[in-house]
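Student: The sequence shown lines up with residues 673 to 987 when you count with this note's numbering.
Beta carbons: idealized from backbone N, C-alpha and C, even for Gly.
The model shown is predicted, which means the values in this text are computed figures rather than measured ones.
Handing you a structure now.
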Amino acid sequence: MNLKSSLFLLVIGASVLSCKENATKTTDREVVLNKHLIPYNSPLLDYDDPSIAIIDFRKKDSYKAGHLPGAVNLYRDDIQDTTLPYKGIRISKEKLAERLGKSGITEKHTLVVYDDKGSSDASRLWWLLRLYNFDNVHILDGGIGHWERMGGKLSLEENAEKHSTFHFIDKPDHLILIEKDELLKLIKSDASNAIILDTRSVDEYKGNQQKDGAKKAGRIPGSVNIDWAEAVDYGNTFTFKPVGELEKIYSRLGATKEDTIIVYCHSGVRSSHTTFVLTQLLNYKNVMNYDGSWVEWSYDDLLPYETDSIYVEKN
């Protein structure tokens, strides 16, 4: 074999290796984006398509300052029960259907939702829709910031609400929710193998920080802590991390894909994000979001709780 032939084969070999590496990276990313998560250049962001409804899930002032073309505005206040002494608990299926209908959204639409917080707020709406058995909803990876960073244009035109009617399927709620009383039974049961995952910051988990809305600081007994923000490129692109990195992060749970995992946070938002990661990106099968989370738990003085220095058992 002459020198020229050898060099040719080396170039071909290097190209094959490069393709394999790129294929691995591409596949890793596609695994993340193949379910309810879409990239900035997805055709689902075609605002001229009448079958698609884009939802800007941020505060009204942020929406007015610039949003994806064609997007309508909703926020957490629109989907929470305001009759309780604490904030965050979901509204009923009927009330959510009414609110979506007021925005011109029907069950025939494909929904795309985004925020500016690493998809935590968007995940909250995704979770609630999934709970009520509406599955045709997608989260924009990286939100509005990544969209704009990648060359996407913003609009200042506010879309007038076009009242319509939204109908959820008449069937029991999807099994991705656990209530306070059910969680308490699991905590007190010696037979339970459920893993309770606190998705708040370390300071909240330890009881060093008490966020507004909670009655006291602390955590649910027996819970472990993985901050929801570990799952995203926080402070940079705000996109979800690759599957390989996510697997390493949540391997700290020591759980199989079949184990029961209960997630909670302050008011059900960050835990919705982790529910999305575990179920949609990592294929965990039995994940339930405690909707009331620490806010509801902290208000009930009969419930046990922990901090790093004390454990309070209630009868």
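Identify, in the order they occur along the chain, each residue of the same chain with its Cβ nearer than 6 angstroms to the Cβ of R762, setting aside the five sequence neighbours on each side.
Tutor: The residues are L800 and D963.
Student: Along the chain, where does the alpha helix (DSSP H) that runs through Y922 open and close?
Tutor: Start and end: V915 to Y922.
Student: Who are the Cβ neighbours of T979 in its own chain at under 6 angstroms, not counting the five residues just before and after it?
Tutor: Once the five neighbours on either side are set aside, the close Cβ partners of T979 are G879 and G890.
Student: Could you give the DSSP three-state label for D721: helix, strand or coil?
Tutor: In this structure, D721 counts as coil in the three-state DSSP scheme.
Student: I need the straight-line Cα distance from P757 to A886, nearest angstrom please.
Tutor: Cα to Cα, the separation comes out at about 10 angstroms.
Student: Which same chain residues end up closer than 8 angstroms to L954 when comparing Cβ atoms and leaving out the 5 residues on each side of it in sequence?
Tutor: Same-chain partners within the cutoff: V915, L918, E919, Y922 and K929.
Student: In chain order, what are the residue ranges of uninterrupted beta strand (DSSP E) at least 3 long that sit wholly in the stretch 796–840?
Tutor: DSSP runs (the beta strand (DSSP E)) wholly in the stretch 796–840: 809–812.
Student: Would you mind stating whether G776 and S864 have Cβ atoms separated by less than 8 angstroms?
Tutor: Cβ atoms of G776 and S864: not closer than 8 angstroms.
Student: To the nearest angstrom, how far is the alpha carbon of Y977 from that of E830?
Tutor: Answer to the nearest angstrom: the Cα atoms are 46 angstroms apart.
Student: Would you check if the distance between the CB atom of E779 and the CB atom of F840 is smaller than 8 angstroms?
Tutor: The answer is yes: Cβ separation under 8 angstroms.
Student: Can you list, in chain order, the residues of its chain whose CB lies under 8 angstroms from that of K732, leaving out five sequence neighbours each side?
Tutor: The answer, listed in chain order, is N745 and Y747.
Student: With L855 as the anchor, note down where its alpha helix (DSSP H) starts and where it stops.
Tutor: Element bounds for L855: K852 to K860.
Student: Please classify D875: does DSSP put it in a helix, a strand, or coil?
Tutor: Note: D875 maps to helix in three-state DSSP.
Student: Is it true that the CB of K767 sits closer than 8 angstroms to the CB of Y804?
Tutor: No, the pair does not count as a contact, with Cβ atoms beyond the cut-off.
Student: Do W969 and K852 have their beta-carbon atoms positioned less than 8 angstroms apart in this structure?
Tutor: Taking 8 angstroms as the Cβ cut-off, K852 and W969 qualify as a contacting pair.
Student: If you draw a straight line from the C-alpha of V874 to the C-alpha of H938, how long is it?
Tutor: Roughly 12 angstroms separates the two Cα atoms.
Student: For the alpha helix (DSSP H) containing L772, name the first residue and the last one.
Tutor: Its alpha helix (DSSP H) spans residues K765 to K774.
Student: Helix, strand or coil: how does DSSP classify E930 here?
Tutor: Residue state, collapsed to three classes: coil.
Student: Does DSSP put I751 in a helix, in a strand, or in coil?
Tutor: DSSP places I751 in helix when its eight states are reduced to three.
Student: With DSSP run on the structure shown, which of helix, strand or coil describes T909?
Tutor: Looking at T909 - three-state DSSP - the assignment turns out to be coil, as it is neither helix nor strand.
Student: Could you tell me the alpha carbon to alpha carbon distance between G823 and L740, rounded to whole angstroms?
Tutor: Taking the straight line from one Cα to the other gives about 12 angstroms.
Student: Rounded to the nearest angstrom, how far is the Cβ of I618 from that of A794, given a contact under 8 angstroms?
Tutor: The structure shown does not extend to residue 618, since the chain is modelled only from 673 to 987, so the question has no answer here.
Student: Compute the distance between the beta-carbons of V809 and H708, then report whether it is under 8 angstroms.
Tutor: Yes, the Cβ-Cβ distance between V809 and H708 is below 8 angstroms.
Student: For the alpha helix (DSSP H) that Y758 lies in, which residues bound it at each end?
Tutor: Careful: Y758 lies outside any alpha helix (DSSP H) and carries neither H nor E.
Student: I'd like to confirm the pairing. Which residues does DSSP put opposite H739 in its beta bridges?
Tutor: S827, per the DSSP bridge assignment.
Student: Give me the Cα-Cα distance between I933 and S943, rounded to the nearest whole angstrom.
Tutor: Cα-Cα distance, rounded: 11 angstroms.
Student: I'd like the span of the beta strand (DSSP E) that includes V784, first residue to last.
Tutor: Note, V784: beta strand (DSSP E), T782 to Y786.
Student: Run through DSSP, which three-state label would V974 get?
Tutor: First, the residue type needs correcting, since residue 974 is Leu and not Val in the sequence shown. In the structure shown, L974 sits in coil (DSSP, three-state: anything other than H, G, I, E or B).
Student: Return the first residue and the last residue of the beta strand (DSSP E) that N958 is part of.
Tutor: Looking at the DSSP string, the run of the beta strand (DSSP E) that includes N958 is N958 to Y962.
Student: Contact check, V935 vs T951 under 8 angstroms by CB: the rounded distance?
Tutor: In fact, because the Cβ distance is near 10 angstroms, the residues do not count as touching under 8 angstroms.
Student: Straight-line CA distance for Q882 to V967?
Tutor: Looking at the two C-alpha atoms, the distance is approximately 10 angstroms.
Student: Would a C-beta distance cut-off of 8 angstroms place D753 and T911 closer than the cut-off?
Tutor: No, Cβ-Cβ distance for D753 and T911 is not below 8 angstroms.
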